[in-house]
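Here is the structure we will look at, set down as structure tokens.
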Amino acid sequence: MRPYPLLFIAALACSCAKKSPVMYPETKKKIAIDSFFGQAVEDPYRWLEDDRSSETEDWVKRQNAVTFDYLDKIEYRTDIKESLTELWNYEKRSTPFVEGDYTYFYKNNGLQNHYVLYRQQGDEAPEVFLDPNTFSEDGTTSLAGVRFTKDGSRVAYLISEGGSDWRKIIVMDAASKTIIEDTLTNVKFSSVSWRGNNGFYYASYDKPDGSELSAKTDQHKLYYHKLGTPQAKDKVVFGGTSAQKHRYVGGYVSDDQRYLFISASNTTSGNKLFLMDLQNPKAGIAPVVADEDSDTYVLDTKGDKLFLVTNLDAPNKRLVMTKASSPTPDTWVDVIPEQEHVLSISSGSAYFFAEYMIDALSKVFQYTYDGKRVREIKLPAAGSASGFSGKDDQEVLYYTFSNYHTPSSSFSLNPKTGETSQFWSPEIAFDAADFESKQVFYTSKDGTRIPMMITYRKGLELTGNNPTILYGYGGFNISLTPSFSITNAVWLQQGGVYAVPNLRGGGEYGKAWHDAGTQMNKQNVFDDFIAAAEHLIEQQYTSPEYLAIRGGSNGGLLVGACMTQRPELFKVALPAVGVLDMLRYHTFTAGAGWSYDYGTAEQSKEMFEYLKGYSPVHNVVANTVYPATLVTTGDHDDRVVPAHSFKFAAELQSKQSGTNPVLIRIETDAGHGAGTPVDKTIEQYADIYAFTLYNMGFKVLPNKKVKG
Numbered sequence: 082m083r084p085y086p087l088l089f090i091a092a093l094a095c096s097c098a099k100k101s102p103v104m105y106p107e108t109k110k111k112i113a114i115d116s117f118f119g120q121a122v123e124d125p126y127r128w129l130e131d132d133r134s135s136e137t138e139d140w141v142k143r144q145n146a147v148t149f150d151y152l153d154k155i156e157y158r159t160d161i162k163e164s165l166t167e168l169w170n171y172e173k174r175s176t177p178f179v180e181g182d183y184t185y186f187y188k189n190n191g192l193q194n195h196y197v198l199y200r201q202q203g204d205e206a207p208e209v210f211l212d213p214n215t216f217s218e219d220g221t222t223s224l225a226g227v228r229f230t231k232d233g234s235r236v237a238y239l240i241s242e243g244g245s246d247w248r249k250i251i252v253m254d255a256a257s258k259t260i261i262e263d264t265l266t267n268v269k270f271s272s273v274s275w276r277g278n279n280g281f282y283y284a285s286y287d288k289p290d291g292s293e294l295s296a297k298t299d300q301h302k303l304y305y306h307k308l309g310t311p312q313a314k315d316k317v318v319f320g321g322t323s324a325q326k327h328r329y330v331g332g333y334v335s336d337d338q339r340y341l342f343i344s345a346s347n348t349t350s351g352n353k354l355f356l357m358d359l360q361n362p363k364a365g366i367a368p369v370v371a372d373e374d375s376d377t378y379v380l381d382t383k384g385d386k387l388f389l390v391t392n393l394d395a396p397n398k399r400l401v402m403t404k405a406s407s408p409t410p411d412t413w414v415d416v417i418p419e420q421e422h423v424l425s426i427s428s429g430s431a432y433f434f435a436e437y438m439i440d441a442l443s444k445v446f447q448y449t450y451d452g453k454r455v456r457e458i459k460l461p462a463a464g465s466a467s468g469f470s471g472k473d474d475q476e477v478l479y480y481t482f483s484n485y486h487t488p489s490s491s492f493s494l495n496p497k498t499g500e501t502s503q504f505w506s507p508e509i510a511f512d513a514a515d516f517e518s519k520q521v522f523y524t525s526k527d528g529t530r531i532p533m534m535i536t537y538r539k540g541l542e543l544t545g546n547n548p549t550i551l552y553g554y555g556g557f558n559i560s561l562t563p564s565f566s567i568t569n570a571v572w573l574q575q576g577g578v579y580a581v582p583n584l585r586g587g588g589e590y591g592k593a594w595h596d597a598g599t600q601m602n603k604q605n606v607f608d609d610f611i612a613a614a615e616h617l618i619e620q621q622y623t624s625p626e627y628l629a630i631r632g633g634s635n636g637g638l639l640v641g642a643c644m645t646q647r648p649e650l651f652k653v654a655l656p657a658v659g660v661l662d663m664l665r666y667h668t669f670t671a672g673a674g675w676s677y678d679y680g681t682a683e684q685s686k687e688m689f690e691y692l693k694g695y696s697p698v699h700n701v702v703a704n705t706v707y708p709a710t711l712v713t714t715g716d717h718d719d720r721v722v723p724a725h726s727f728k729f730a731a732e733l734q735s736k737q738s739g740t741n742p743v744l745i746r747i748e749t750d751a752g753h754g755a756g757t758p759v760d761k762t763i764e765q766y767a768d769i770y771a772f773t774l775y776n777m778g779f780k781v782l783p784n785k786k787v788k789g
């Protein structure tokens, strides 16, 4: 691993060099017209939405040919790939978990495409239990989840092929590791919850009539599968009628096997909750929460006591207890009342562990089941902790800790004494002591105070010439808390700055923070991100010539909106698997479920005009100098369909002024990101970093020195 940065020396001299314009493939225009509240909107690239057409396939091949021809000419691209490969090649492990007589854990020896699931009994040597690297020759089939029976004797595991959200379920006898029945297919957005050893609940949609990758899926159903019977005979438990029509449905059986809980929702925020007493199925399904105005889920049960986590009347969440015989909100009693900070909670060893986000950093407290605080769990440093879950009779629990410059390590905890010690840490060619993370607060356009973590090599000089990646998300109540990334570590080792603001729309400060970045407030998110960029520039961490913005999915929308609103502020834009056509996003797959955050163009004239006002596809203006842009997507992305990225790239290529390139990199046999093989991830980030540095004007001579 090179100890020196690939940057800085005489960078200003080469940053002004003109680059030859890219000869883009022709993208035909076939005008489709939509009408919204009497206003006609042209869509010249509608034809790219047909993911099954030979025309689209040909367009993808031609775009990739141009993109990879461009990337092949960056002399240090291979050098960056080698750096990524070298750093990636270390052993990684998950925290252990107990099922039956075995302790299980995931491990990757270094460069394996997928983590392998191991198990061990007592002090015996670990053995391979499931190896996803054997599922397909090219590594594009991944393990998407495992669920054991209560006694650990059987396991149902899910696989994803080509990165698709559609899954298959395979059932195996755990002791012999033999498959015991036919594979279930066409399963989507589902976990598995066993009822005894002879059957389980899962959820899916009817198989769409059109393309499985883009056709709208609207009614989710909960099924019960009895082992030994064909899937076609599986019984619909919930969701089979118009009265039970919901876009997202899930089922969970309590650990004591007495209750089935059903969550049902139409958007990604807010859910109904139902209960079925499995000892008295004739009583039917009873409501716990009858509307979708809040988020509520079951954490645990003890006899007829139900412990629920909810944000009903508690924007920062609280833990409540009620009785199964009368579970509605009017009977709820606080166990851990709402606090000043957002609650995330787990259970293990007959205790609750409450993690609070304080300016996006973890603090963890241990509680008894009657709500008495036992102690604070001392964490190694400022960062993110997760885990603290397990069976009631476990004497030891485990958790992980990391931050932006500290690789993830595992710790053990004795809940009776509070003693904690390092259980496992990686041996990695990255010295965390050489780097630091600094939390700053800056002011957004409307005066809101926003936190941001900035990570860099110690001794960084604030010259304004540091290549910087500003990463953001800002949506769906998702919190960006500090975590270690190998790809980010390589960026840091080469002298880069990595900055992550906690934008509105996320969950860092509870429901109010989330709602402040949704629907008619969505512009707040973009303003927060733009203000973060301006802060980095004002404080001379970087300048517009050395600033790249990156985000994926909803974060891809963030990048697309900000680069079209403030193109002069950024040198490089890296939108990944982005939601970029805001007038049509809800017409694909389960996209309509995102309407809580976005609203829809049919909702009202005001909402249509607001969406059209920032929709990246609709706000590319001819003869504008946009940042050098590398759009990334996967041809099997059936969550945010690749047509979003196709249309945005086509618009930019046709209207870009100046010499900044606009390229699209389309990964084949890849989806929204989960389950992507390591070798593909390394190749993708080598391309992203090479593209970014090259367009910032850096010329690198491999393994020697930096030269302008």
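To get the numbering used here, take the position in the sequence shown, counting from 1, and add 81.
The C-beta atom is built at its ideal place from N, Cα and C for all residues, glycine as well.
Distances from the CA of I366 to each of K109, N397, Y432 and G332 were compared; the closest alpha carbon is that of G332. For M534, the enclosing beta strand (DSSP E) begins and ends at R530 to R538.
Using a 10 angstroms sphere on the CB of Q503, the tally of other CB atoms stays under 16, which defines it as exposed. Between S407 and L478, the C-beta spacing is not below 8 Å. For Q201, the enclosing beta strand (DSSP E) begins and ends at V197 to Q201. Contact between E748 and D768 is ruled out by a C-beta separation of about 10 Å, above the 8 Å threshold.
Counting the other Cβ atoms within 10 Å of the Cβ of T377 gives 16 or more, which makes it buried. Within its own chain, the residues whose Cβ lies closer than 8 Å to the Cβ of E172, once the five positions on either side in sequence are excluded, are K188, N189, N190, G191, P507 and E508, listed in chain order. Taking C-alpha positions only, W675 is separated from G588 by approximately 16 Å. Taking the Cα positions, S375 is about 16 Å away from P418. With contact defined as three or more Cβ pairs closer than 8 Å, the region 167-184 and the region 737-745 are not in contact.
In this structure, V416 places its C-beta atom within 8 Å of the C-beta atom of L400. The C-alpha of Y283 lies about 19 Å from the C-alpha of D254.
The three-state reading of DSSP puts D153 in helix, counting H, G and I together. By the 16-neighbour rule on beta-carbons within 10 angstroms, A435 is buried. Per the DSSP secondary-structure output, V640 pairs with nothing in a beta bridge. In the three-state DSSP reduction, Y707 falls in the coil class, being neither helix nor strand.
Taking a contact to require three or more Cβ pairs closer than 8 Å, the region 662-679 and the region 587-605 qualify as touching. For secondary structure counted as the beta strand (DSSP E) over 3 or more consecutive residues, the region 412-497 holds these complete runs in sequence order: 414-417, 423-429, 432-439, 442-448, 454-458, 465-468, 478-484 and 487-494.
Judged by DSSP in its simplified three-state form, H595 adopts helix.
Where M688 is concerned, the enclosing alpha helix (DSSP H) starts and stops at K686 to Y695. For Y378, the enclosing beta strand (DSSP E) covers residues T377 to K383. Following the DSSP letters along the chain, one finds N189 inside the beta strand (DSSP E) bounded by residues Y183 to N189. N267 carries a strand assignment under DSSP once its states are collapsed to helix, strand and coil. Taken in chain order, the complete alpha helix (DSSP H) segments of 4 residues or longer contained in the region 609-677 are 635-646. Going by DSSP, R158 is part of the alpha helix (DSSP H) stretching over R158 to W169. Nearest to T481 by alpha-carbon distance, out of Q420, S470 and G244, is S470. Of the candidates T230, G233 and P213, the residue whose Cα lies closest to the Cα of G243 is P213.
For a cut-off of 8 Å, the C-beta gap from G659 to S726 is around 6 Å, short enough to register as a contact. Under a 10 Å Cβ-count criterion, K459 is classified as exposed, with fewer than 16 other Cβ atoms of the shown protein chains found around its own Cβ. F772 carries a helical assignment under DSSP once its states are collapsed to helix, strand and coil. Judged by DSSP in its simplified three-state form, D394 adopts coil rather than helix or strand.
Going by DSSP, K519 is part of the beta strand (DSSP E) stretching over F516 to T524. Within the region 311-357, the beta strand (DSSP E) runs of at least 3 residues that lie entirely inside it are, in chain order, 316-319, 329-334 and 340-346. Assignment of I250 by DSSP, reduced to helix, strand and coil, places it in the strand class.
Contact fails between the region 642-649 and the region 559-573, because fewer than three Cβ pairs, one in each stretch, are under 8 Å apart.
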